[in-house]
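Asker: Following full-length UniProt numbering, the numbering of the sequence shown begins with 1 at its first residue and continues without gaps.
From the three backbone atoms N, C-alpha and C, an ideal C-beta is built for every residue, glycine too.
These numbers were taken from a predicted model, which means no experiment stands behind them.
Take a look at this one; I'll ask things after.
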Amino acid sequence: MLNRYDRQERVTVIGHDGQRRINAATILIVGVGALGSYAAEQLVRAGVGHLILVDPDTVSLTNLQRQALFTEADVRNQALKVDTAKNHLQAINHHVEITAYPVALDDDLLQTLTFDLVLDCLDNYGTRILINRAALVERFDYIFASCAGTFGTVMPIRAWQHACLNCVYPNLEALQQTDCDLLGVNTALVPIIAGLQVSLALHYLVAPTSVDFEQLTTIDNWQLSQQTFHVRKNPNCPACQRTDWDLTTAPITNPVQVLCGTATYQARFTQKPNLAAITDWLLDRQFSIKSYASFISFKWEDRPISIFKNGKVMLYNIPDLDAATAVFNRLQLHLKSVLEVPIK
């Protein structure tokens, strides 16, 4: 019988035993945009046993220049990235289990997930900070990657033993000023950086003790140059010094907030909603609903909406804050009667 992983198993450092470890692994990819879409495809082709995809965004036209897996049809359908990626990825390798969460990562979701490794493929720096703090508290490993202009960076992180992300970038808010929304990103850079990130991931799964957690690599794909830096934990790093991080999402002061670099907005009901009552209300009015363990998704005024059992609401593919606020207010008004139904 033909072995689809034959060429990978022939690689000496991987072999049959290494492929077995890859097949048994679960990887959480946070952010299924440029880096995340390429990384997901490579990991599915490599045979990772289970991929967990987390991203709240829908596919937009500007994504197609730099993101894999998505098509113009996905743009027309305002498709959720994780759902679309899941469909395309399963067509590539149906043996891989893929779990899709069309949400922004928060501590509530993170606490429910089991994984061997995290890939940080984000452009949202608030969530990057959450992952770094969670890695310090929960002691999981992750691989950081970023792209902007013609420059990309990759670094494996074991935050509680070696340098955390805050050690390397003491002001992550300032780092956001170099993201691809401001500087753009060279199309050819993305698969290079994603390839390095996936290479580190496979190395970690096959031979974790030989991964160098003190190495940061940068690439300039215009000059075809690469630099490697030795990084160490900062003894004065405020993130590393704290052991009492509260990982729960901070209260939202504005009713509706934009997620950085997206047409996605987050809001919150004042009380935990009764998802069963909301589902019944929507079904009675002929809405098509997708139900997940912690939330429901549907289209409201032709825009994808997700409502979570903790009261969070995600509104997708909305042009600006005023429009998002208006959509949320109308949604809340229509759901007023069922929002007050007690949870049994």
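Does the Cβ of ASP284 have 16 or more other Cβ atoms within 10 Å, making it buried, or fewer, making it exposed?
Answerer: Answer is exposed; the Cβ neighbour count stays below 16.
Asker: Write down the C-beta distance between residue 345 and ALA39 rounded to the nearest angstrom, noting that I regard them as a contact closer than 8 Å.
Answerer: Missing from the structure shown is residue 345; the chain here goes from 1 to 344 and no further.
Asker: Identify which residue in VAL211, ILE157, ALA323, LEU51 has its Cα closest to the Cα of ILE98.
Answerer: The shortest Cα separation from ILE98 among VAL211, ILE157, ALA323, LEU51 belongs to LEU51.
Asker: Look at the Cβ atom of ILE192, then the Cβ atom of GLY149, and state whether they are nearer than 8 Å.
Answerer: The answer is no: Cβ separation not under 8 Å.
Asker: Okay, do the segment 58-72 and the segment 224-243 touch, 3+ Cβ pairs below 8 Å being the bar?
Answerer: No, the segment 58-72 is not in contact with the segment 224-243.
Asker: With which residues is ASP120 paired in a DSSP beta bridge?
Answerer: Per DSSP, VAL30, PHE144.
Asker: Can you confirm whether ALA135, when its beta carbon is compared against all beta carbons of chain C, has any partner nearer than 8 Å?
Answerer: In summary, chain C is missing from the structure at hand, where a single protein chain is found.
Asker: Have a look at THR249 and ASN310 and give me their C-alpha separation to the nearest angstrom.
Answerer: Its pLDDT being 45, under 50, THR249 is placed unreliably by the model, and nothing is read from it.
Asker: For ASN93, which residues in the same chain have their Cβ closer than 6 Å to its Cβ, ignoring the five residues on either side in sequence?
Answerer: Excluding residues within five positions, the ones whose Cβ falls inside 6 Å are VAL44.
Asker: Write down every uninterrupted run of the alpha helix (DSSP H) in the segment 294-339 whose length is 4 residues or greater and which is fully enclosed by it, in chain order.
Answerer: Qualifying alpha helix (DSSP H) stretches, in chain order: 321-334, 336-339.
Asker: If you scan the segment 90-121 from start to end, which runs of the alpha helix (DSSP H) of 4 or more residues do you find wholly inside it?
Answerer: Counting only runs of 4 or more, we get 107-110.
Asker: Inspect the CB distances between the segment 263-282 and the segment 313-326 and report whether three or more fall short of 8 Å.
Answerer: These segments touch.
Asker: What residue from TRP281, PHE328, ASP322 has the CA that sits closest to ARG304's CA?
Answerer: According to the sequence as given, residue 304 is Pro; it is not Arg. Among TRP281, PHE328, ASP322, the Cα nearest to that of PRO304 is on PHE328.
Asker: On the DSSP bridge assignment, give the partners of LEU80 in chain order.
Answerer: Answer is THR58.
Asker: Please name the residue in LEU64, ALA91, VAL103, HIS95 whose C-alpha comes closest to that of residue 345.
Answerer: Outside the shown range of the chain (1 to 344) lies residue 345, about which nothing can therefore be said.
Asker: Is it buried or exposed, LYS86, if we count other Cβ atoms within 10 angstroms and call 16 or more buried?
Answerer: By the 10 Å Cβ count, LYS86 comes out buried.
Asker: Alpha carbons only, please: which of PRO255, GLN19, ILE14, ASP123 is nearest the one belonging to GLY49?
Answerer: Cα-wise, what sits closest to GLY49 is GLN19.
Asker: Rounded to the nearest angstrom, what separates GLN241 and TYR125 at their Cα positions?
Answerer: Each residue's Cα considered, the two are about 20 Å apart.
Asker: What does DSSP give as the partner residues of ILE219 in its beta bridges?
Answerer: According to DSSP, ILE219 bridges with GLY152, GLN226.
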